[in-house]
Each structure stands twice: as structure tokens, then as C-alpha cells.
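In what follows, a structure is listed as C-alpha cells, so that the remarks can point back to it.
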Amino acid sequence: MNKGTFLKYFLNQYTESGLAAVIQALAQAGLFIHKRLGEAGLADVLGSAGQTNIQGESVQKMDVIANNYVIDCLKNVPACGAMVSEETENVLPFNDMGKYVVAVDPLDGSSNIDVAAPVGTIFAIWEKISQDTPKAVDFLQPGKKLNAAGYIIYGSSTLLVLSVGNGTHAFTLASNDEFILSHPDIVIKKQGNIYSINQGNYQKFEEGLKNYIEWCTGTDKESSRPYSLRYIGSMVGDIHRTLLKGGIFIYPANKGETKGKLRLLYECIPMSYLVVHAGGDASNGEKPILDITPQEIHERSAIYIGSKENVHQCLEFVQRKVVY
Ligand code: P6P
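Using the working numbering, read the sequence shown as starting at 1 and increasing by one per residue.
Listed below in C-alpha cells is the structure:
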């Protein structure tokens, strides 16, 4: 597909299956969220909603608004049988005949809204496997069985990054409210020189990861070290940079968070699908993220994701196969 193609035409071949309508509904929700975020400072949608979600995390007002936009856009799409959201405890069934189920983080990184840092909507789309009303089992599928995954990043510009299993592509939101193909067939660098981690947690990291960080910050011209450390604190922003500039993003399990912090179903799996389809790699430290079958819908996971060489080098240290 050529630059300038509208999303709706890019999706033409997925119209009959209903997948196009599901993706376009998510893009519509992204457009609504984009417009609300743009006015966030004016329209009293900054700050906390005074609630906590299923994760026990403080819910930002925009989290609630974004979640409602996604529900309203998906619930009437015939092909969308059900949704799981970071903001809702259980599966939200929409219709028994819907062919697909959608797992969504409606507004990842929302604590960054108040400081106008990038935030995003992340989604993963599987075919339903149960016969009647959609249920949790329909979502507990490995990433390698995804039909599509994507995110919408609300930053200095708004982009929809999407893979339907045939490459990873980015569509920029234009002033005519259309998502227009701007980055066809994104290919992540095999090796980058940026590492992205919350180094403030250094004391809680396992020895192998500490050793990897020592290696990244060592001096060696041939391997372009020291690497640069870049960390936005918003998964969508950090991974979007990694996708376009190369390198590695790490959110490890650590002594405080034994299974990591990020959600497997609607953060780690869709992001891994996009990066792998751009030629990169993604692991939980032991196995490829896309091979993991989630055991419950809000399960957490460690994640090492990015350029293939960077991920493999890091895992050599984390798995203690090499010491620096
Ligand atoms: P920390 C945002 O709250 C988020 O869920 C991800 O977007 C981000 O990568 C991570 O948490 C940041 O976590 O512990 O570094 O603040």
C-alpha cells in the first residue's frame, strides 16, 4: 500500500470478515479521545476521577472517558462479540454472534496526561473460540493467534500503528479526521543504541539485569556504547520510539513486582505482535511473549521488547549466560 492511503481503503480486504469494522470502530474511539485530550487542560478532565480500578490504581478522569468511548464505539459493531478493558473487572459481552473479541487498554500512561506527555490506546483482536456468549476463555489465547493488534499514540501527532498479520504500518490522523498511511511497512533496526527502563528501580533488579545496564553504560566505540537512556514512563511512547529508532524497552519483574507491572493481555501481547511483525523480538525473560497463553485477563508480565539483537543481548545477561 502507498503512503496517502486512507485507513478505510487499507482495510478493504478485511471488510467481509467484519475485522475492518472492528478496527475502524477503535480508530473512531481514538479520534474522540484525541479531541478530548487536546482540550484536557480546559475541560476539567485532568487529574483523578476519585476512583480506583480493578488494579487498585487511581483512575484518571480521562481513563473513564476513554473507556466509555471505546465501549460505545465497539458495542454496536456486529462483528465485535465482547471486550475486556483495563478499566473493567470482567468481560463485557456485546453480542453472541460477534466473530471477534477485543482486549483494550483505553488510555495507557494516563498519569502523564497532566504533563502533556504521550499516552495511548492499545488493542488486541482475536477470533472468539467459544460457541455462545463470549467469556474469558475467548481472551485467554496466545499472541501468535491474534487477528490484529495496534495502538493509537496521542503525542505531538496522533498515529494509529496497526498490524493485521502482514507487516506493521502507521497511519497519521489528518485535519480531515482521517487516518492516512504515513509509515507503510515499518522495519525496526536489527540493533539500536537506546535502552529504556525505569532505572530508579535499579536496586530491585536481579543481578543479571544490573549487569546488562552496566554493559549498556560501558564505553566501547565498536558497539556504540554507552547507549542512551530514554524513558517517558508511558509504554506506548517508549515502544513507539523503540519501533522507529531501534533499541530495547524493558519492564522487568523485580523484587517489588514479581510478575512485572505491565498487563499481558492488552499491553504486552499487542505491543509484541506489532514489534515482531516489524522484525523485532519480545520476551518475558524466559520465552517469547507471543507464545504465552494468558491464565487470567488482568495477568501481569515482565517484558523485554525491541530490536532483535538488543533483546537477545539483554537476555544473555538476564539469563546469566554472560557476565560483564
Ligand atoms: P513506572 C503507565 O502507568 C504504565 O502502565 C506504562 O504505560 C508505563 O510503561 C509504566 O506504567 C511506567 O511504570 O513504574 O516506571 O512508573
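For each residue, glycine too, the CB sits at the ideal point set by N, CA and C.
Around the C-beta of Ser163, 16 or more other C-beta atoms lie within 10 Å, and the residue is accordingly described as buried. Listed by position along the chain, the residues with Cβ atoms less than 5 Å from a non-hydrogen atom of the ligand P6P are Asp108, Gly109, Asn198, Gly233, Ser234 and Met235. Note on the stretch 236-324: whole alpha helix (DSSP H) runs with a minimum of 4 residues are 269-276 and 308-318, in chain order. DSSP, reduced to helix, strand and coil, places Met62 within a helical segment of the structure shown. Here Ala116 is exposed. Its C-beta has fewer than 16 other C-beta atoms within 10 Å. Annotated as distal: Lys308 and Asp291, with beta-carbon spacing of 7 Å or more. For Arg230, DSSP assigns no beta-bridge partner whatsoever. Taking 7 Å as the cut-off, the Cβ atoms of Ser283 and Tyr266 do not count as close. Counting along the chain, Gln51 sits inside the beta strand (DSSP E) bounded by residues Ser48 to Thr52. Taking 7 Å as the cut-off, the Cβ atoms of Ile122 and Asp105 count as close.
Counting C-beta pairs with one atom in each stretch, the stretch 136-151 and the stretch 256-270 have three or more that are closer than 8 Å, which means they touch.
The C-beta of Gly38 has fewer than 16 other C-beta atoms within 10 Å across all chains shown, which makes the residue exposed.
Taking a contact as a CB-CB distance under 8 Å, the pair Glu87 and Asp108 does not count as one, their CB atoms being some 11 Å apart. Exposed is the label assigned to Thr219, since fewer than 16 other Cβ atoms lie within 10 Å of its Cβ.
Counting of Cβ neighbours within 10 angstroms places Asp96 among the exposed residues, the total staying below 16.
The residues Arg320, in chain order, have a CB closer than 8 Å to that of Glu207 in the same chain once the five nearest residues on each side in sequence are set aside. When DSSP assignments are scanned along the stretch 156-242, the uninterrupted stretches of alpha helix (DSSP H) that are 4 or more residues long and fall wholly within it turn out to be 207-216. The continuous beta strand (DSSP E) containing Ala103 extends over residues Tyr100 to Asp108. Going by beta carbons, Ile23 and Leu31 fall outside the 7 Å limit.
Gly4 carries a coil assignment under DSSP once its states are collapsed to helix, strand and coil.
Comparing alpha-carbon positions, the option among Gly81, Arg36 and Leu262 lying closest to Asn67 turns out to be Arg36.
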